[in-house]
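Line by line, the protein sequences give chains A and B. Just so you know, we're using the numbering used here here: the first sequence kicks off at 1 and counts up by one. Just so you know, we're using the numbering used here here: the second sequence kicks off at 315 and counts up by one. Ideal placement from N, C-alpha and C gives every residue a C-beta, glycine not left out. Below you'll find the structure, written out as structure tokens, and then a few comments.
There are 2 protein chains.
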Amino acid sequence: MQDAHSLAQAILQRDSRALARGISWLEDGHPDGPELMRELHKASRRARVIGITGSPGSGKSTLTDQWARHLLGQGQRVGILAIDPSSPFSGGALLGDRIRMGRTAPHPNVFIRSMATRGMMGGLSRSTHDAIDLINAAGFDTILVETVGVGQDEVDVVRGVDTCCVVLIPGMGDEIQAIKAGLMEIADVFILNKADQPGMDQVVEALQAMKSLEPEKNPKAWDAPWVKTIAAEGQGLEALDEAVNRHQDWLDLEGHRQKKQAIRLRLRLEGLVAELMMSRVHEKHNAQQWQLIIEQIAKGELTLYEAAERLAKS
Amino acid sequence: MQDAHSLAQAILQRDSRALARGISWLEDGHPDGPELMRELHKASRRARVIGITGSPGSGKSTLTDQWARHLLGQGQRVGILAIDPSSPFSGGALLGDRIRMGRTAPHPNVFIRSMATRGMMGGLSRSTHDAIDLINAAGFDTILVETVGVGQDEVDVVRGVDTCCVVLIPGMGDEIQAIKAGLMEIADVFILNKADQPGMDQVVEALQAMKSLEPEKNPKAWDAPWVKTIAAEGQGLEALDEAVNRHQDWLDLEGHRQKKQAIRLRLRLEGLVAELMMSRVHEKHNAQQWQLIIEQIAKGELTLYEAAERLAKS
Numbered sequence: 001m002q003d004a005h006s007l008a009q010a011i012l013q014r015d016s017r018a019l020a021r022g023i024s025w026l027e028d029g030h031p032d033g034p035e036l037m038r039e040l041h042k043a044s045r046r047a048r049v050i051g052i053t054g055s056p057g058s059g060k061s062t063l064t065d066q067w068a069r070h071l072l073g074q075g076q077r078v079g080i081l082a083i084d085p086s087s088p089f090s091g092g093a094l095l096g097d098r099i100r101m102g103r104t105a106p107h108p109n110v111f112i113r114s115m116a117t118r119g120m121m122g123g124l125s126r127s128t129h130d131a132i133d134l135i136n137a138a139g140f141d142t143i144l145v146e147t148v149g150v151g152q153d154e155v156d157v158v159r160g161v162d163t164c165c166v167v168l169i170p171g172m173g174d175e176i177q178a179i180k181a182g183l184m185e186i187a188d189v190f191i192l193n194k195a196d197q198p199g200m201d202q203v204v205e206a207l208q209a210m211k212s213l214e215p216e217k218n219p220k221a222w223d224a225p226w227v228k229t230i231a232a233e234g235q236g237l238e239a240l241d242e243a244v245n246r247h248q249d250w251l252d253l254e255g256h257r258q259k260k261q262a263i264r265l266r267l268r269l270e271g272l273v274a275e276l277m278m279s280r281v282h283e284k285h286n287a288q289q290w291q292l293i294i295e296q297i298a299k300g301e302l303t304l305y306e307a308a309e310r311l312a313k314s
Numbered sequence: 315m316q317d318a319h320s321l322a323q324a325i326l327q328r329d330s331r332a333l334a335r336g337i338s339w340l341e342d343g344h345p346d347g348p349e350l351m352r353e354l355h356k357a358s359r360r361a362r363v364i365g366i367t368g369s370p371g372s373g374k375s376t377l378t379d380q381w382a383r384h385l386l387g388q389g390q391r392v393g394i395l396a397i398d399p400s401s402p403f404s405g406g407a408l409l410g411d412r413i414r415m416g417r418t419a420p421h422p423n424v425f426i427r428s429m430a431t432r433g434m435m436g437g438l439s440r441s442t443h444d445a446i447d448l449i450n451a452a453g454f455d456t457i458l459v460e461t462v463g464v465g466q467d468e469v470d471v472v473r474g475v476d477t478c479c480v481v482l483i484p485g486m487g488d489e490i491q492a493i494k495a496g497l498m499e500i501a502d503v504f505i506l507n508k509a510d511q512p513g514m515d516q517v518v519e520a521l522q523a524m525k526s527l528e529p530e531k532n533p534k535a536w537d538a539p540w541v542k543t544i545a546a547e548g549q550g551l552e553a554l555d556e557a558v559n560r561h562q563d564w565l566d567l568e569g570h571r572q573k574k575q576a577i578r579l580r581l582r583l584e585g586l587v588a589e590l591m592m593s594r595v596h597e598k599h600n601a602q603q604w605q606l607i608i609e610q611i612a613k614g615e616l617t618l619y620e621a622a623e624r625l626a627k628s
């Protein structure tokens, strides 16, 4: 059994296995997890934290891998967190890891992890941000946070990162239009991937149309640029990286980074408080008692809202 | 101002506007929401509640609309809930409603609603199941719950319904394979949509391969069938509806429906308890106090875990 102090020291000394173990501690609610976070609380945080989201099929995984390769080629140390909606189900996280391992893994300067969803209530967001803190403590230069889907949980995760990239591709239907409208507000950089396929002009037109609908912006506000890529061929990555760096420079002006950090801390804090309170409710009422309450609701002796009031008060 | 009793009566008398208002009450946390639910607690629940999920681009919206038309043609009253990941952002839900309205809406026997995500912590699942209860109280025959994405929140919603349909289409990449593996466990019926496109044989092979990996099943367990559809042309809907009815019949054997209901009630109860407790934490600590705590964390005077402990204890 390793203690929090020695695990923290190993992470600070950039030991990948210690880093993986630390992330597992926080994901699994290990009792020494809070102590580990306290040990690493003052570690320097210098990584660019970049989110990559967009619908399945937009080539996010390939883009993430190629981008990581590009950064590795510049001598950077790169962390990849894959937010995987299949993970709540048995084997999902493992499967995700196995798929990716073949592609980028064995390089010593890369750390790859699939983040599993554990429980309800923003648990994915909480554990992902804990993982970002640990990877930062291990001295990485860039952390790529890739979502597999575009669900609320995943959007919560990427909206908390420093620079959020939204991947769009040509020729997707109505549903994608609706998603795009939603993702507009969290995008710091648009990646127009598969730029060699027909239909990219319409995507650009749709983007311009949506931007024209936005209320007039402060001239100092960030105006999300778009960058064309062909991720499968490694094209456009340098321009993409530059766009991200421009956004990172902008974050350092006039306290934008602090504002983003405050939003992120707020979300994490709310999630943690809810987790702690729920774990206390579960301590006070064992599985059998929950079962009894559920039966009472099912029989119509108690409404859901009445039962919730009672449990919340206890 | 309408009170909970008269609103409940109007919903029982199948007034669509009252139904829409009731759902908004529960979505927005209206103070009389719990009373409304209590009024309707004993209303009969006879609708088939059917979830439809799958990746964007698989044609779920078209399928849902065509299925609804098919059921309307049989004289059924049909409710449609579209779980929309763009909704957390301003305008998303409205946009969703507008898109759909053109397709199926003006029919008097159909009720369509986009469900927005409000707040964290399973709020989407909670408000969707509240909406299902209300639509049930208004005497609908079938409720189709369609997710736009495949995020954790949306999966939580559809895993709670009676019959969960997972839509697959030919020719999707690695990412879809991973999602499929995750969705396997929640599928009661697989819909192989766009069955006229090439590549469906591979989808069937992948399904068979995944099924062969599952542990040996109890012969009385439900073995999820697949049904081929071409939703855009309305083909395969009758077979699909029959497959759903077979699953509904199975649910009524040996208490399976009760078991599903208990899982659903449990999830809803946990979500409600968390919501109530968080709203109390927010009552005790005003926005300024939260701000102060966040600043302390940002300055390194307090760790996130320490702050959460204090707030949860208060």
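- Taking the CA atoms as reference points, residue 308 (chain A) sits about 10 Å from residue 348 (chain B).
- In this structure, B:506 is the residue among B:626, B:469 and B:506 with its C-alpha nearest to the C-alpha of residue 482 (chain B).
- Listed along chain A, the residues sitting closer than 9 Å to residue 586 (chain B) by beta-carbon distance are 304, 305, 307, 308, 309, 311 and 312.
- In the three-state DSSP reduction, residue 534 (chain B) falls in the coil class, being neither helix nor strand.
- The Cβ atoms of residue 127 (chain A) and residue 27 (chain A) sit closer than 8 Å to each other.
- The DSSP-derived three-state label of residue 113 (chain A) is strand.
- With a threshold of 8 Å between beta carbons, residue 474 (chain B) makes no contact with chain A.
- Neighbours of residue 575 (chain B) in chain A, taken as residues at a C-beta separation under 8 Å, are given in chain order as 298.
- Within chain A, the residues whose beta carbon sits less than 9 Å from that of residue 348 (chain B) are 303, 304, 305, 306, 308 and 309, listed in sequence order.
- Sequence-ordered contacts of the segment 364–376 of chain B with chain A read 369, 370, 371 and 375 [C-beta pairs closer than 7 Å].
- For a Cβ distance threshold of 8 Å, residue set 290 and 294 of chain A lies close to residue 580 (chain B), ordered along the chain.
- Under a 10 Å Cβ-count criterion, residue 294 (chain A) is classified as buried, with 16 or more other Cβ atoms of the shown protein chains found around its own Cβ.
- Secondary structure at residue 204 (chain A): helix, using DSSP grouped into helix, strand and coil.
- Annotation: residue 388 (chain B) to residue 564 (chain B) spans about 23 Å, alpha carbon to alpha carbon.
- About 7 Å separates the beta carbons of residue 456 (chain B) and residue 364 (chain B), which is inside the 8 Å limit, making them a contact pair.
- DSSP lists A:192 as the beta-bridge partner residues of residue 228 (chain A).
- Positions of the alpha helix (DSSP H) runs, each at least 4 residues long and wholly inside the segment 124–165 of chain A, are given as 152–159 in order along the chain.
- With respect to chain B, the C-beta atom of residue 7 (chain A) has no partner C-beta closer than 8 Å.
- Excluding five sequence positions before and after residue 325 (chain B), the CB atoms of its chain that fall closer than 7 Å to its own CB belong to 332, 333, 336, 354, 448, 451 and 452, given in chain order.
- Residue range 78–83 is occupied by the beta strand (DSSP E) that includes residue 81 (chain A).
- For residue 470 (chain B) against residue 562 (chain B), the beta-carbon gap comes to about 21 Å, at or over 8 Å, which does not count as contact.
- The Cβ of residue 42 (chain A) sits closer than 8 Å to at least one Cβ of chain B.
- Counting only the Cα atoms, residue 513 (chain B) lies some 35 Å from residue 570 (chain B).
- By the rule that beta-carbons nearer than 8 Å mark a contact, residue 38 (chain A) touches chain B.
- Chain B has a Cβ within less than 8 Å of the Cβ of residue 278 (chain A).
- Check the Cα spacing between residue 29 (chain A) and each of A:237, A:242 and A:131: the tightest is with A:131.
- Straight-line measurement puts the Cα of residue 242 (chain A) at about 45 Å from the Cα of residue 582 (chain B).
- In this structure, the alpha-carbon of residue 543 (chain B) lies about 21 Å from that of residue 395 (chain B).
- Interface criterion not met: the Cβ of residue 503 (chain B) is under 8 Å from no Cβ in chain A.
- In the three-state reduction of the DSSP assignment, residue 617 (chain B) falls in the coil class.
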